[in-house]
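Q: My structure is below; once you've seen it, I'll send some questions.
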Amino acid sequence: MASIRVAVAGQPNCGKSTMFNAITGGSARVGNYPGITVDRLEGRYKLNNQEFHLVDLPGTYSLTAYSLEEVVARDVIVNERPDVVLCMLDSTALERSLYLVVQIMEMEVPMVLGLNMMDEARHQGLNINSAKLAELLDVPVVECVARVGEGREELMESIALLVDSDQLKARPFKISYGPQLDPIIESMARLIEDRMPPGQLPPARWLALKVLEDDKDVLNRLRPHGDLADKLLEMAAEAEARVKEHGASYPEALISDRRYDFINSLVEQGVISRENDLLPGYSSKADKVLTHRLLGPLILLGVLWSMFYITFILGAAPQGWLQTFFNWLAYLGNTYIPEGMLRSMIVSGMLDGVGAVLSFTPLILIMFTMLCFLEDLGYMARVAYMVDRIFRSFGLHGMSVMPLVMAGGMPGGCAVPGVMCCRTLRSPKERLATILTAPFMVCGAKTTAYIVLTAAFFSHHATLAMFLVVITSWLFVLLVSRLLRWTVIKGRYTPFVMELPPYRLPTVRGVAAHAWERVWLYIKKAGTVILAMSILMWALMTFPQLPASELAKYDQMRKQVAAQTKHEHKGMAPAQLQKWVQAGQAKIDKLQGTEALKNSYAGRVSAFIKPLTDLAGFPWQANISFVGAFAAKEVFVSTMATAYSMGDVDPDYDVDADKSLAARIGADPAWTAPVIGSVFLFLLLYTPCMITVVTIARETNWKWALLSVVGSLTFALVVSVTVYQVMSRLM
Amino acid sequence: MVTALRNMSINQRGKIKHVNAKGELGRRIRDMGLVPGTELRIEGRAPLNDPVAIRMRGYTLTLRNNEADLISVEVD
Chain C
0 MASIRVAVAG
10 QPNCGKSTMF
20 NAITGGSARV
30 GNYPGITVDR
40 LEGRYKLNNQ
50 EFHLVDLPGT
60 YSLTAYSLEE
70 VVARDVIVNE
80 RPDVVLCMLD
90 STALERSLYL
100 VVQIMEMEVP
110 MVLGLNMMDE
120 ARHQGLNINS
130 AKLAELLDVP
140 VVECVARVGE
150 GREELMESIA
160 LLVDSDQLKA
170 RPFKISYGPQ
180 LDPIIESMAR
190 LIEDRMPPGQ
200 LPPARWLALK
210 VLEDDKDVLN
220 RLRPHGDLAD
230 KLLEMAAEAE
240 ARVKEHGASY
250 PEALISDRRY
260 DFINSLVEQG
270 VISRENDLLP
280 GYSSKADKVL
290 THRLLGPLIL
300 LGVLWSMFYI
310 TFILGAAPQG
320 WLQTFFNWLA
330 YLGNTYIPEG
340 MLRSMIVSGM
350 LDGVGAVLSF
360 TPLILIMFTM
370 LCFLEDLGYM
380 ARVAYMVDRI
390 FRSFGLHGMS
400 VMPLVMAGGM
410 PGGCAVPGVM
420 CCRTLRSPKE
430 RLATILTAPF
440 MVCGAKTTAY
450 IVLTAAFFSH
460 HATLAMFLVV
470 ITSWLFVLLV
480 SRLLRWTVIK
490 GRYTPFVMEL
500 PPYRLPTVRG
510 VAAHAWERVW
520 LYIKKAGTVI
530 LAMSILMWAL
540 MTFPQLPASE
550 LAKYDQMRKQ
560 VAAQTKHEHK
570 GMAPAQLQKW
580 VQAGQAKIDK
590 LQGTEALKNS
600 YAGRVSAFIK
610 PLTDLAGFPW
620 QANISFVGAF
630 AAKEVFVSTM
640 ATAYSMGDVD
650 PDYDVDADKS
660 LAARIGADPA
670 WTAPVIGSVF
680 LFLLLYTPCM
690 ITVVTIARET
700 NWKWALLSVV
710 GSLTFALVVS
720 VTVYQVMSRL
730 M
Chain D
0 MVTALRNMSI
10 NQRGKIKHVN
20 AKGELGRRIR
30 DMGLVPGTEL
40 RIEGRAPLND
50 PVAIRMRGYT
60 LTLRNNEADL
70 ISVEVD
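One line per chain: the protein sequences are C and D, in this order. Residue 403 in numbering that gives the first Met the number 0 sits at position 404 of the first sequence, with consecutive numbering throughout. Residue 9 in numbering that gives the first Met the number 0 sits at position 10 of the second sequence, with consecutive numbering throughout.
Structure representation (structure tokens):
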């Protein structure tokens, strides 16, 4: 038997993704924020030898061409012709949910309804008569509680039953749009039927309605059919005139009013009985505090602060274990691999580089888990609501909060999902401003760099320092987007019409699955891109080697030191003398190591850009790390680790000694206060990593991606040079 | 008495009389169920007094004050 193709539709926050996961057993993303599912998700299900193939449509409130998601959802129904559309409804907001149902029914596709959140509805004293709803709409209706998987089998059974029965044929579904519109809709539909080849899925009546709604997407599809589109537009103009005669409305306003009238009549025929739908629910009570004029912003700052605190307190121990583990591996390498290129590559290139990055995995896991929890809880929508007024003054949108947070506005994000998440922003202008500024955020990779740097210089106030770095990143996002919106992206504000979804306790499975998914990406990146970059950077820092004459010079110096020490300390015990000689020679080794690094390709690149970066005071290790970190920001830490480990060849490798990268950097006198300020800001603001640039190009075009690269680089350099020069003169 | 949604105070109730929004904004407002005849109650305002949160049709919707200006409401 052929598999049944099911498209799963529903409004944002209706539990559609949760039900999709419950059915397919997959790990699709579940969110409490409008429009979280943009990617296409597919899955399978089997029931009594019957295969089902499911597609998860983006969550949309309607099916107009208003947003990308709505066009995507509609295109799947029109072009792929699923056997059945499964539409999930939020029972607690049934009327609004039915608005989408009505529009899908007008597309005349076979349908099954899943009444989700029945437990919440009952809890709120809502009485929903699902049998009555099924009877009135002539569609199977199943009561569900998606978060516990209730109703899953029943849904799939009724889909199978619908396919088995002869009901799979399209059934006409007509709403009356009143005496002014109905006759025109009829004649438009007839015209379309005459002109279009028969058997097309979108019913003529639906196309007529879309023309009346001034739907550009549908109009463009009708254009190839001779003068059909023009004729229809003429009729639509006539309709508009007629509607205006009878009131000051527009056809599309009248259409949605009539749809809601139809829904109200359904509801009044006994589908819902409730005491009072305007009564505040538990979420309203929580919001009295959580979005309170004074308490709301304070709680928001508190939440941010605790995220830092929890991450560093909980993460410190496992991070230490991982560091010790990698130190031990390096010790093994130094002990058992014969001295030479191979050992240098494995210890200095691979272990130090990848180890420095991988030891942050526990921190990333903790941060992501908290971020996913807040997202699924519904708190992020409140954040958007609270900050919209401020964001608007800077040319952004309250909804920009989500992409910015994903990009690292709370620690541990990543600019790539952040930029992709901008799809939920309706306005092209605010979307562009958000995309271009999101990479300033302190993503997980930059976090690792800042953790090392703060541990090196502000070890007693590491949490506070990190907090300030993140606050600074937010300030720069606002500042730069204001600049962008004044110059290259001018334009008006877009509407902020947004649902505040009820607070819902996230499922452990949903949060864990999503957090793990992100952490796994991080680990995979460490094992692939970062490993490759580490080896490449190691090679760049190792070759070409010092010429033989130089090597001979250092050998000579070592011999000299030995002879001199022996001469100065005649009569010392031989063991003691040996130690003094080694200490003296270690200094030469370090000198040689540094000289070798400066002679290497990396050192030469660094020297080449030095005249420019000297203005900003970067130490050469930071200089070269910045170059490498364009591949992935994690490479900053791994390159610093390699650079500091290669300049520091310690013969008595001691696994217990404090060999952390932070300690090595902290001990380097090159890092004065102006340097620290300049490096901190440059790391925050300069060019996004390669993967982000590619993502920006894909989400916008190459022109904007190029602006992002050149613009951020210039801006970061200007800021860093200013800070370094001003601080140097003041201090 | 008919007033703009913006002028309503917290917890005040009313019934939508007219929605004077066109284009994208109008479509968005209507999609969310803000059509004439809908009963609503002002649930709260954001810390800077804007946007406003309203309770209607069993859920909570937020919109900016300048958007609320376009909606006239019949209040007692």
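Glycine included, C-beta positions come from ideal geometry on N, C-alpha and C. Only a predicted model underlies this, so the values are computations on that prediction, with no experimental measurement involved.
Report the three-state DSSP secondary structure of R28 (chain C) (helix, strand or coil).
A: By one-based count along the first sequence, residue 28 (chain C) stands at place 29. Any reading at R28 (chain C) must be qualified, since the residue scores a pLDDT of 46, below 50, and its modelled position is unreliable; no value is offered.
Q: Please report the distance separating the alpha-carbon of R422 (chain C) from that of R430 (chain C).
A: Here residue 422 (chain C) is taken as the residue at index 423 of the first sequence, counted from 1. Here residue 430 (chain C) is taken as the residue at index 431 of the first sequence, counted from 1. R422 (chain C) and R430 (chain C): Cα-Cα distance of roughly 7 Å.
Q: Could you name the residues of chain B that G25 (chain D) contacts, counting a contact when the two beta carbons are closer than 7 Å?
A: This model lacks chain B altogether, as its protein chains are C and D.
Q: For R388 (chain C), go through chain D and note every residue whose CB falls closer than 7 Å to its CB, in chain order.
A: Within the first sequence, residue 388 (chain C) is the residue found at index 389, counting from 1. The contacting residues are A45, L47 and D49.
Q: Would a C-beta distance cut-off of 8 Å place P673 (chain C) and G616 (chain C) closer than the cut-off?
A: What you label residue 673 (chain C) is simply residue 674 of the first sequence in a count that begins at 1. What you label residue 616 (chain C) is simply residue 617 of the first sequence in a count that begins at 1. For P673 (chain C) and G616 (chain C), yes; Cβs fall inside 8 Å.
Q: Within this structure, are the beta carbons of S533 (chain C) and G394 (chain C) separated by less than 8 Å?
A: As a working mapping, residue 533 (chain C) is identified with position 534 in the first sequence. As a working mapping, residue 394 (chain C) is identified with position 395 in the first sequence. No; because the gap between Cβ atoms is not below 8 Å, this pair is not in contact.
Q: Can you tell me whether DSSP reads Y281 (chain C) as helix, strand or coil?
A: Numbered from its first residue, the first sequence carries residue 281 (chain C) at position 282. Of the three classes helix, strand and coil, the one that applies to Y281 (chain C) here is helix, per DSSP.
Q: So, is G810 (chain C) buried or exposed, given that buried needs 16 or more other C-beta atoms within 10 angstroms?
A: Shown here, chain C extends from 0 to 730; a query on residue 810 (chain C) therefore has no answer.
Q: Need the endpoints of the alpha helix (DSSP H) that D351 (chain C) sits in, please.
A: As a working mapping, residue 351 (chain C) is identified with position 352 in the first sequence. D351 to L357 is the span of the alpha helix (DSSP H), which, as asked, contains D351 (chain C).
Q: Name the two residues that bound the continuous beta strand (DSSP E) containing S392 (chain C).
A: Position 393 of the first sequence, counted from the start, is the residue given in the question as residue 392 (chain C). No beta strand (DSSP E) holds S392 (chain C); the alpha helix (DSSP H) holding it covers Y378 to S392.
Q: What's the gap between the Cα of N65 (chain D) and the Cα of R5 (chain D)?
A: Walking along the second sequence from the start, residue 65 (chain D) turns up at place 66. Walking along the second sequence from the start, residue 5 (chain D) turns up at place 6. If you take the alpha carbons of N65 (chain D) and R5 (chain D), they lie about 8 Å apart.
Q: If we count the other Cβ atoms within 10 Å of its Cβ and call it buried at 16 or more, is A207 (chain C) buried or exposed?
A: As a working note, residue 207 (chain C) is residue 208 in the first sequence. Burial call: buried.
Q: Is the shortest distance between the beta-carbon of S727 (chain C) and the beta-carbons of chain D less than 8 Å?
A: Stepping through the first sequence from its first residue, residue 727 (chain C) is reached at position 728. No, its Cβ sits nowhere closer than 8 Å to a Cβ of chain D.
Q: M497 (chain C) and M369 (chain C) look like a contact to me (Cβ under 8 Å); what is the Cβ gap, rounded to whole Å?
A: On the first sequence, residue 497 (chain C) is found 498 positions in, with the first residue counted as 1. On the first sequence, residue 369 (chain C) is found 370 positions in, with the first residue counted as 1. That pair is no contact at about 23 Å.
Q: Are the C-beta of S63 (chain C) and some C-beta of chain D separated by less than 8 Å?
A: In the first sequence, counting from the first residue as 1, residue 63 (chain C) sits at position 64. The displayed chain sequence assigns Thr, not Ser, to residue 63 (chain C). With 8 Å as the cut-off, T63 (chain C) counts as an interface residue toward chain D.
Q: R292 (chain C) versus chain D: which residues are under 7 Å apart at the beta carbon?
A: Numbered from 1 along the first sequence, position 293 holds the residue referred to as residue 292 (chain C). Within chain D, the residues near R292 (chain C) are P46.
Q: Return the residue from the list C:L682, C:S707, C:F681 and C:L684 that minimises the CA-CA distance to V692 (chain C).
A: One-based indexing of the first sequence puts residue 692 (chain C) at position 693. The residue with the shortest Cα to Cα distance from V692 (chain C) is C:S707.
Q: List, from N- to C-terminal side, the alpha helix (DSSP H) runs of 4 residues or more that fit wholly inside the region 390-434 of chain C.
A: DSSP runs (the alpha helix (DSSP H)) wholly in the region 390-434 of chain C: 400-403 and 414-420.
Q: At what residues does the alpha helix (DSSP H) containing D89 (chain C) begin and finish?
A: In the first sequence, residue 89 (chain C) corresponds to position 90, counting from 1. Careful: D89 (chain C) lies outside any alpha helix (DSSP H), inside the beta strand (DSSP E) at V83 to D89.
Q: Which residues mark the beginning and the end of the alpha helix (DSSP H) in which D55 (chain C) is found?
A: Here residue 55 (chain C) refers to the residue found at position 56 when the first sequence is read from its first residue. Per DSSP, D55 (chain C) belongs to no alpha helix (DSSP H); it is in the beta strand (DSSP E), Q49 to D55.
Q: Indicate the three-state DSSP secondary structure (helix, strand or coil) for V72 (chain D) in the structure shown.
A: Stepping through the second sequence from its first residue, residue 72 (chain D) is reached at position 73. If DSSP states are grouped into helix, strand and coil, V72 (chain D) belongs with the strands.
Q: Pick from C:I690, C:D667, C:T493 and C:M419: whose alpha carbon is nearest that of R63 (chain D)?
A: What you label residue 63 (chain D) is simply residue 64 of the second sequence in a count that begins at 1. Closest option to R63 (chain D), Cα to Cα, is C:T493.
Q: Using DSSP bridges, identify the partner residues of V18 (chain D).
A: Position 19 of the second sequence, counting from 1, holds the residue named residue 18 (chain D). According to DSSP, V18 (chain D) bridges with D:I70.
Q: At a Cβ threshold of 8 Å, is V74 (chain D) touching chain C?
A: On the second sequence, position 75 is the one that residue 74 (chain D) refers to. False, the Cβ-Cβ gap to chain C never drops below 8 Å.
Q: Is the beta carbon of P500 (chain C) closer than 8 Å to that of N12 (chain C)?
A: Sequence index remark: in the first sequence, residue 12 (chain C) carries index 13 (1-based). Sequence index remark: in the first sequence, residue 500 (chain C) carries index 501 (1-based). Taking 8 Å as the Cβ cut-off, N12 (chain C) and P500 (chain C) qualify as a contacting pair.
Q: Give the interface partners of R95 (chain C) over in chain D, defined as CB-CB distance under 7 Å, in chain order.
A: Here residue 95 (chain C) is taken as the residue at index 96 of the first sequence, counted from 1. M31, G32, R56 and Y58, listed in chain order.
Q: Quick one: what's got a C-beta closer than 7 Å to Y32 (chain C)'s C-beta in the same chain, skipping five residues either side?
A: Here residue 32 (chain C) refers to the residue found at position 33 of the first sequence. In this prediction, Y32 (chain C) scores a pLDDT of 31, lower than 50, which makes its location untrustworthy; no coordinate-derived value is stated.
Q: Let me see if you follow: with CB-CB separation under 8 Å, is L69 (chain D) close to chain C or not?
A: As a first step, residue 69 (chain D) must be located in the second sequence, where it is residue number 70. No, L69 (chain D) does not count as interfacial toward chain C.
Q: Among residues of its own chain, excluding the 5 on either side of G314 (chain C), which ones have a beta-carbon nearer than 7 Å to its beta-carbon?
A: Residue mapping note: residue 314 (chain C) aligns to position 315 of the first sequence, counting from 1. Excluding sequence neighbours, G314 (chain C) sits near P361, L362 and I365.
Q: For a cutoff of 8 Å on Cβ pairs, would you count R5 (chain D) as touching chain C?
A: Locating residue 5 (chain D) in the second sequence gives position 6, counting from the first residue. Chain C contact via Cβ: absent.
Q: Excluding the five sequence neighbours on either side, which residues of its own chain have a C-beta within less than 6 Å of the C-beta of F359 (chain C), listed in chain order?
A: Reading the first sequence from its first residue, position 360 is the one you call residue 359 (chain C). The answer, listed in chain order, is T447.
Q: Are any of the Cβ atoms in chain C nearer than 8 Å to that of T2 (chain D)?
A: Within the second sequence, numbered from 1, the residue matching residue 2 (chain D) stands at position 3. Chain C contact via Cβ: absent.
Q: Assuming M689 (chain C) and A630 (chain C) are in contact, meaning their beta carbons sit under 8 Å apart, how far apart are those beta carbons, in whole angstroms?
A: What you label residue 689 (chain C) is simply residue 690 of the first sequence in a count that begins at 1. What you label residue 630 (chain C) is simply residue 631 of the first sequence in a count that begins at 1. Right, the Cβ-Cβ distance comes to about 5 Å (below 8 Å), so this counts as a contact.
Q: Between the Cα of E516 (chain C) and the Cα atoms of C:P416, C:A92 and C:T436, which residue gives the shortest distance?
A: Mapped onto the first sequence, residue 516 (chain C) falls at position 517. Nearest of C:P416, C:A92 and C:T436 to E516 (chain C), Cα basis: C:P416.
Q: Are the region 9-26 of chain D and the region 36-53 of chain D in contact at 8 Å, needing three or more beta carbon pairs?
A: At 8 Å Cβ cutoff, the stretches touch.
Q: DSSP three-state call for G9 (chain C): helix, strand or coil?
A: For this step, residue 9 (chain C) is matched to residue 10 along the first sequence. Reduced to three states, the DSSP call for G9 (chain C) is strand.
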